[in-house]
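Trainee: Quick one: the structure is below, questions incoming.
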Amino acid sequence: MSDTIYAPATAPGRSAVAVLRLSGPRTREVLRQLIGIMPEPRRASLRRLRDPATGGVLDDGLVLWFPGPASYTGEDSAELHLHGGMAVVEGVLDGLDRLGLRMAEPGEFTRRAFQNQRMDLAQAEAVADLVDAETAAQRQQALDQLAGGLSQRYGRWRDQLLGALAMLEAGIDFPDEEVPEAVANMARPPLERLLVEVRLALDDGKRGERIRDGYRVAVIGAPNAGKSSLINGLLGRDAAIVTDIAGTTRDIIEAPLVLAGFKLLIADTAGIRQSDDQIEQEGVRRAQVWAQDAALRLWLVDGAAASGDWALAKDLVGPDDVCLINKSDLGLSADGVAAEAWARAHGLAVQPVSLSRDGADAVLLDLTERVTAALSGADFPAATRRRHAVHLSEAAGHIERALGVLVLGSELAAEDARLAARALERVTGKIDPEDVLGAVFSTFCIGK
Ligand SMILES: Nc1nc2c(ncn2[C@@H]2O[C@H](COP(=O)(O)OP(=O)(O)O)[C@@H](O)[C@H]2O)c(=O)[nH]1
Ligand SMILES: [Mg+2]
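Residue 0 is where the sequence shown starts when you use numbering that gives the first Met the number 0, and the numbers rise one by one after that.
Spelled out as structure tokens, the structure:
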């Protein structure tokens with residue numbers, strides 16, 4: 000049986016109200032010692048809390064009593080809504096400690112909810128995501144995941160897989176005559192359909208992860224193209240140093256930006272060029288890595304230059320990226336002409352700007368459209384964390400192998416179908432070992 004835990008559920012520090020939570024078999028007894036007569040279940044009751052040792056008054060507050068199993072954790076639990084002064088909260092925490100209760104680990108309330116089957120692992124992750132949500136899109140995704148949006152998708156795939164598996168297992172039971180072949184032929188179409196569906200879901204541009212973690216936009220280009228000017232224009236503040244000295248920005252400056260309810264992470268990077276300076280070389284290397292991982296690259300070119308520097312960063316961009324030909328106020332020179340021709344030939348969108356004349360506003364509008372198009376979608380995303388995507392592509396691999404060995408007999412294919420089902424089940428935590436659960440719940444805050 001589990002012990003009884005407690006933790007503040009609100010942020011530490013002075014506040015109007017602070018909430019403490021308790022969960023475990025001793026909750027009822029401890030409440031009685033603090034407040035005397037038990038309140039009605041699930042109704043807020045105003046009570047005087049007293050120190051069980053001295054009888055001294057600790058606070059007047061609202062007490063909520065949630066008898067298990069119909070509670071968040073599935074156990075007997077309670078909430079104390081106290082005045083948010085530090086001495087009040089400290090006093091009650093001390094009292095709970097002296098009564099022999101234990102301070103909860105991060106995520107322990109939700110972990111108990113998971114263990115008592117009040118929610119699955121994907122829903123537990125959604126609780127953490129909701130607590131961390133900073134944008135409307137993050138909030139919506141976390142709420143949908145909490146309501147079962149992700150779990151239902153994986154549950155449906157698993158059911159389809161188990162249907163095919165049942166056919167394969169029937170084939171194993173009839174090892175002679177034409178039956179195995181007939182069975183194998185029956186199992187093929189559902190497995191093929193499932194594989195197509197899973198591959199499609201995986202190929203969604205990491206929509207769910209990018210909503211949760213931020214849509215990463217790398218600003219790249221040769222030194223002096225205007226990268227730092229663009230960052231400052233997009234953020235509306237001086238986040239990066241702008242000078243006419245090439246090589247000023249050496250480390251990556253990452254800044255969050257919210258557009259149309261989506262979180263973006265914009266990075267100012269070191270200008271791409273050959274350099275003997277070790278620090279600058281490292282900066283260029285980091286810029287390249289960041290640019291490769293980004294969802295979108297904004298490639299800046301000094302269009303008024305005629306140095307050939309425009310070509311320094313061209314190997315980092317792809318057809319879905321944007322080429323910004325900067326300094327249009329100075330007129331177009333050889334670099335601008337060459338970059339524009341190259342960019343058009345390679346499928347990039349090309350936009351002339353003058354960042355010293357409010358050019359960032361047009362870029363902001365374009366970014367808003369791009370992030371909305373990239374991250375909106377009808378279905379709940381297949382993965383909102385790397386963990387989900389890893390298990391899903393594992394499942395796809397097994398389904399593919401099952402299809403490949405189908406001609407050799409049902410038995411081999413059944414084994415792979417089973418492994419695919421396992422991989423899907425890991426997402427909702429049906430079969431996860433302790434260490435995986437530990438990794439998930441340790442990222443929670445105390446009191447959740
Ligand atoms: N004339 C003109 N100068 C610009 C424009 N944008 C940036 N600059 C100047 O170009 C220089 C380099 O800009 P910066 O943003 O530091 O470039 P970075 O090295 O790519 O980060 C600075 O002196 C800026 O003031 C522009 O649109 N027109
Ligand atoms: Mg710079």
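The C-beta atom is built at its ideal place from N, Cα and C for all residues, glycine as well.
All values derive from a computational prediction rather than experimental measurement.
Put Ser-375 into one of helix, strand or coil per three-state DSSP.
Mentor: In the sequence shown, residue 375 corresponds to position 376, counting from 1. Reduced to three states, the DSSP call for Ser-375 is coil.
Trainee: What does a CB cutoff of less than 7 angstroms around Pro-318 pick up in its chain, not counting 5 residues either side in sequence?
Mentor: Along the sequence shown, one-based indexing puts residue 318 at 319. The answer, listed in chain order, is His-345, Gly-346, Leu-347.
Trainee: Report yes if the C-beta distance between Ala-77 and Leu-100 is below 8 angstroms; otherwise report no.
Mentor: For the purposes of this step, residue 77 is identified with residue 78 of the sequence shown, where counting begins at 1. For the purposes of this step, residue 100 is identified with residue 101 of the sequence shown, where counting begins at 1. No, the pair does not count as a contact, with Cβ atoms beyond the cut-off.
Trainee: Is the region 215-228 close to the region 290-298, with three or more CB pairs under 8 angstroms?
Mentor: Touching, yes, given that three or more Cβ pairs across the two stretches are closer than 8 angstroms.
Trainee: Please confirm whether Ala-515 and Asp-212 have their CB atoms less than 8 angstroms apart.
Mentor: For the chain, the structure presents residues 0 to 447; residue 515 sits outside this window and is missing.
Trainee: What is the chain-ordered set of residues for which the beta carbon lies under 7 angstroms from any non-hydrogen atom of ligand 2?
Mentor: Taken from the N-terminal end onward, the list reads Lys-226, Ser-227, Ala-239, Ile-240, Val-241, Thr-247, Thr-248, Asp-267, Gly-270.
Trainee: Going by CA-CA distance only, name the one from Ser-392, Arg-400, Glu-410 that's closest to Leu-423.
Mentor: Position 424 of the sequence shown holds residue 423. Closest by alpha carbon: Ser-392.
Trainee: Can you tell me whether Thr-268 is buried or exposed, with buried defined as 16 or more other CB within 10 angstroms of its CB?
Mentor: Against the sequence shown, residue 268 aligns to sequence position 269. Flag for Thr-268 reads buried.
Trainee: So, for Gln-32: in the same chain, excluding its five sequence neighbours on each side, which residues have a beta-carbon less than 8 angstroms away from its beta-carbon?
Mentor: Translated into the one-based positions of the sequence shown, residue 32 becomes position 33. Around Gln-32: Pro-51, Leu-98.
Trainee: Closer than 8 angstroms by C-beta to His-397: which residues in its own chain qualify, once you throw out the five before and the five after it? Chain order, please.
Mentor: Residue mapping note: residue 397 aligns to position 398 of the sequence shown, counting from 1. Excluding sequence neighbours, His-397 sits near Asp-415, Ala-416, Leu-418, Ala-419, Ala-422.
Trainee: Any chance the CB of Asn-115 is under 7 angstroms from a heavy atom of ligand 1?
Mentor: Position 116 of the sequence shown, counting from 1, holds the residue named residue 115. False, no ligand heavy atom lies under 7 angstroms from that Cβ.
Trainee: Ligand 1 heavy atoms versus the CB of Ser-306: any closer than 7 angstroms?
Mentor: Translated into the one-based positions of the sequence shown, residue 306 becomes position 307. Result no, Cβ not under 7 angstroms from ligand 1.
Trainee: From which residue to which residue does the alpha helix (DSSP H) around Lys-262 run?
Mentor: Counting from 1 along the sequence shown, the entry for residue 262 is found at position 263. Note, Lys-262: premise wrong, no alpha helix (DSSP H); beta strand (DSSP E) at 261-267.
Trainee: To the nearest angstrom, report how far apart Cys-444 and Thr-9 are at their CA atoms.
Mentor: Walking along the sequence shown from the start, residue 444 turns up at place 445. Walking along the sequence shown from the start, residue 9 turns up at place 10. Each residue's Cα considered, the two are about 10 angstroms apart.
Trainee: Which same chain residues end up closer than 6 angstroms to His-387 when comparing Cβ atoms and leaving out the 5 residues on each side of it in sequence?
Mentor: By 1-based counting over the sequence shown, the position of residue 387 is 388. Here the set comprises Val-426.
Trainee: Output the boundary residues of the alpha helix (DSSP H) element that contains Arg-386.
Mentor: Walking along the sequence shown from the start, residue 386 turns up at place 387. That run of the alpha helix (DSSP H) goes 385-404.
Trainee: Confirm, please, whether the CB-CB distance from Gly-428 to Leu-120 is below 8 angstroms.
Mentor: On the sequence shown, residue 120 is found 121 positions in, with the first residue counted as 1. On the sequence shown, residue 428 is found 429 positions in, with the first residue counted as 1. In contact: Leu-120 and Gly-428 (Cβ atoms closer than 8 angstroms).
Trainee: What does Arg-215 pair with, by DSSP beta-bridge criteria?
Mentor: To locate residue 215, count along the sequence shown from 1; it is residue 216. The partner list for Arg-215 (beta bridge, DSSP) reads Leu-264.
Trainee: Can you tell me the Cβ-Cβ gap for Ala-412 and Ala-401, rounded? I've got them flagged as a contact below 8 angstroms.
Mentor: In the sequence shown, the residue the question calls residue 412 occupies position 413. In the sequence shown, the residue the question calls residue 401 occupies position 402. So it is a contact: roughly 4 angstroms between Cβ atoms.
Trainee: May I ask you to verify whether the region 189-202 touches the region 265-279, counting CB pairs closer than 8 angstroms and requiring at least 3?
Mentor: No: fewer than three Cβ pairs fall under 8 angstroms.
Trainee: Could you give the DSSP three-state label for Gly-67: helix, strand or coil?
Mentor: Working through the sequence shown from its first residue, we reach residue 67 at position 68. Residue state, collapsed to three classes: coil.
Trainee: Give the range of the alpha helix (DSSP H) segment to which Leu-234 is assigned.
Mentor: What you label residue 234 is simply residue 235 of the sequence shown in a count that begins at 1. That run of the alpha helix (DSSP H) goes 226-234.
Trainee: Should Arg-272 be counted as a contact of ligand 1 given a C-beta to heavy atom distance under 7 angstroms?
Mentor: Start at 1 with the first residue of the sequence shown, and residue 272 comes out as number 273. Arg-272 Cβ: outside cutoff for every heavy atom of ligand 1.
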